[in-house]
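If you read the sequences in order, they're chains E and G. For the first sequence, this note's numbering gives the first residue as 1, with consecutive numbering after it. For the second sequence, this note's numbering gives the first residue as 1001, with consecutive numbering after it. Everything on this sheet refers to the single structure shown next.
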Amino acid sequence: MTKIINGNKTETNLCEVCAQEENSIGMGPNWMLQNIVAELFNQSISGSPQVQVTRSKPIQCEQCGFTDVNFSQVGKLGCPKCYEVFEQKLDPVLRRVHGFPTHTGKIPQRTGGSIGLRRQIEELRQELQKAVTREEYEKAAEIRDKIRGLENQLG
Amino acid sequence: MSIKDTVNDARSKWMEGTGADNDVVISSRIRLARNLKGIPFPHFMSDADAANVIHAVRIAAENTELVKQVGAVEFTDLAELSSTERQILVEKHLISPHHAENIKSRAVILAPDESVSIMINEEDHLRIQCLQPGLELEETWKQADKIDDLLELTLDYSFSEKRGYLTACPTNVGTGLRASVMLHLPGLVVSKQIGQIVGAISQLGLAVRGYYGEGTEAYGNLFQISNQVTLGQIESEIVENLLSVTNQIVNQERSSREIIFRDNRQLLEDRIYRAIGTMRYARMITSQEALKNISDMRLGIELGLLKGLTFEKINELIILTRPAFLIKKAGQEMEAGERDVLRANIIREKLSEIKFD
């Protein structure tokens, strides 16, 4: 079984039966998914008339040089910056793949910046709103102080 | 365990056959995709960048806190392994098939008990995998979360407020989390309910596939269920969702087995003991036949019929009879027929120590 990926040749010496088996383990769905994503991306290019024009001139990521044409071929982006560069075209793809296009999960300590703090403040504001509606003024005051404390940390 | 032991010993932590609901659930897995800030993704990176990523992740993984958590980790450059050895790591579920294919600037870091593996420069810079026996999704997620925190002490992850952890493929973006379980579902297959269940599960944002085999055929009645959506849900929700669906499938599978056992006990016992007969005495066994018999024998343990046999032994048999493991054992390549002979030999030897009655 010889495979050539990105110009690198790898050889695995398996007989035909094994090769078929090895190929079948875990390979199918991911490969298909990438193709489907690339196809969705293509649709979002041809789907809107104003983007049609840009088709002749590919959008290129200034950081890594990857283009939207590259993406529609491999279904992967070039670097983290590409997410900003291709933002407009990626949005509909992410909505279709995940249903909801915004991250709500874990935030890294080092590169997450003040996102965690801001998210906490936002949650407290909602709590505050609820407390006020329920006329729990003491609790509301407590929450308000907490929000102020966090806002001070934000600077 | 050193990498040389890893590729020579079929056993691994996830195969111990312990953990919750081990009569149906073989293992639970959590995988986190992470990338480093400012560096192109592996498929588009320079050799120099690839080397920098390997260096940075290696240092991060050898930090004392992490070693305290998972034991003395071992770093291996994939280029140091033969293609057969890499394939064995795939067969033991420690690296992906994709990772074994292209060895340039790729590496893996393994915990001594193999319950944690970190693939470097696979589709993403880091793929952190935690693998535990039985249905232990929440525990496994906690472990992966902790390891992720410890790696992050010295690594700058690429992250955006809107899209979360940025990954090479948009299908992983957000949490970068893929949670999965491996299930043994002979009851649902025999009672022909599996098709319906697969259909229902797909509508819940989860994917089901046969672990071995092609298309709709699942050799050995082994299935994997995993989440598809990684963006817009928090990690614990994703894990909780998979857990609750898995619990329902476990219950369905148990009741199917009960019904079959009640209504067709003789047929079922016959099938299980025939599997033992074949496995103990056959001189040639194909991989597909081995998986089928292993499934029947596992069912025998699950129904309490085969007291002398353990889940651990059965799991070991699955790995021992995979193609790359056989080549390693033989020390050379083999024709299909030769391989079937060797497979039968290994199975006979393994089962000869066991008293079945």
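For glycine and all other residues, C-beta sits at the position ideal for the given N, C-alpha and C.
Query	Result
Selected residue, minimal CA-CA separation from Lys1004 (chain G), among G:Ile1260, G:Gly1199 and G:Glu1080	G:Glu1080
Listed by chain order, chain G residues near Gln34 (chain E) by CB distance under 8 Å	Cys1169 and Thr1171
In DSSP terms, what Leu1119 (chain G) is bridged to	Sequence inspection shows Met at residue 1119 (chain G); the Leu mentioned does not correspond to that position. BP columns for Met1119 (chain G) point to G:Val1108 and G:Arg1127.
When G:Glu1074, G:Ile1120, G:Leu1204 and G:Gly1174 are compared against Leu94 (chain E), the one with the closest alpha-carbon	G:Gly1174
Endpoints, beta strand (DSSP E) assigned at His1043 (chain G)	Unbroken run through His1043 (chain G): none, as it is neither H nor E.
Near-chain G residues of the segment 100-131 of chain E (beta-carbon distance less than 7 Å), N- to C-terminal order	Phe100, Pro101, Thr102, His103, Thr104, Gly105, Lys106, Pro108, Gln109, Arg110, Thr111, Gly112 and Ile115
is_contact[Lys89 (chain E), chain G] using C-beta, thresh 8 Å	no
Start-to-end residues for the beta strand (DSSP E) that takes in Val1025 (chain G)	Val1025 to Arg1034
Member of G:Leu1185, G:Gly1195, G:Thr1230 and G:Asn1035 whose CA lies at the smallest distance from the CA of Leu1177 (chain G)	G:Thr1230
Opening and closing residue of the beta strand (DSSP E) in which Ser1226 (chain G) lies	Tyr1219 to Asn1227
Alpha carbon of Phe1261 (chain G) to alpha carbon of Ile1294 (chain G), nearest angstrom	18 Å
Interface residues of the segment 1138-1160 of chain G facing chain E [CB-CB below 7 Å]	Glu1152, Asp1156, Tyr1157, Ser1158, Phe1159 and Ser1160
Extent of the continuous beta strand (DSSP E) to which Val1181 (chain G) belongs	Leu1177 to His1184
Where the beta strand (DSSP E) containing Val1208 (chain G) begins and where it ends	Leu1206 to Tyr1212
Under 8 Å between C-beta atoms of Ser1027 (chain G) and Leu1131 (chain G)	yes
Straight-line Cα distance separating Gln1193 (chain G) from Ala1051 (chain G)	49 Å
Residues that Val93 (chain E) contacts on chain G, provided the C-beta gap is smaller than 8 Å	Pro1170
For Glu135 (chain E), the first and last residue of its enclosing beta strand (DSSP E)	It is not in any beta strand (DSSP E) - Glu135 (chain E) carries neither H nor E in the DSSP assignment.
Counted within 10 angstroms of its Cβ, other Cβ atoms place Ala1179 (chain G) as buried (16 or more) or exposed	buried
The segment 1319-1329 of chain G contacting the segment 1083-1099 of chain G, beta-carbon criterion three pairs below 8 Å	yes
Reduced DSSP category for Phe1159 (chain G) - H, G, I as helix; E, B as strand; rest coil	strand
Local conformation of Pro1323 (chain G) per DSSP, three classes	helix
CA nearest to the CA of Val1024 (chain G), picked from G:Ala1207, G:Pro1186 and G:Ser1287	G:Pro1186
N-terminal and C-terminal residue of the beta strand (DSSP E) that Glu1074 (chain G) is part of	Glu1074 to Asp1077
Amino acids of chain E, ordered along the chain, whose beta-carbon sits closer than 7 Å to that of Glu1235 (chain G)	Gly105 and Lys106
Start-to-end residues for the alpha helix (DSSP H) that takes in Asn1172 (chain G)	Premise fails: Asn1172 (chain G) is in no alpha helix (DSSP H) and is neither H nor E.
Cutoff 7 Å; reference Glu1333 (chain G); Cβ partners in own chain excluding five residues on either side	Ile1327
Close-in-space but distant-in-sequence residues of the same chain around Asn1035 (chain G) (CB under 8 Å, 5 per side omitted)	Phe1041, Asp1124, His1125, Leu1126, Tyr1157, Ser1158, Tyr1165, Leu1166, Thr1167 and Ala1168
Classification of Ile1118 (chain G) by the beta-carbon crowding that lies within 10 angstroms, buried from 16 upward	buried
Cβ-heavy atom distance, Glu123 (chain E) to the ligand PLP, below 7 Å	Absent from the structure shown: the ligand PLP. Ligands present: none.
Test item: CB-CB of Ile1346 (chain G) and Glu1091 (chain G) under 8 Å	no
Neighbouring residues, chain E, relative to Lys1162 (chain G) (Cβ below 7 Å)	Thr102 and His103
Cβ neighbours of Arg165 (chain E) in the same chain (closer than 8 Å, five flanking residues each side left out)	Outside the shown range of chain E, which is 1 to 155, sits residue 165 (chain E), and nothing can be said about it.
The alpha helix (DSSP H) enclosing Ala1018 (chain G), as first and last residue numbers	Going by the sequence as given, residue 1018 (chain G) is Thr instead of Ala. Element bounds for Thr1018 (chain G): n/a, residue is neither H nor E.
Beta-bridge pairing of Gln1132 (chain G) - partner residues as DSSP gives them	G:Ser1028
Proximal residues to Pro101 (chain E) (C-beta, below 8 Å), its chain only, five neighbours per side dropped	Asp91, Leu94 and Arg95
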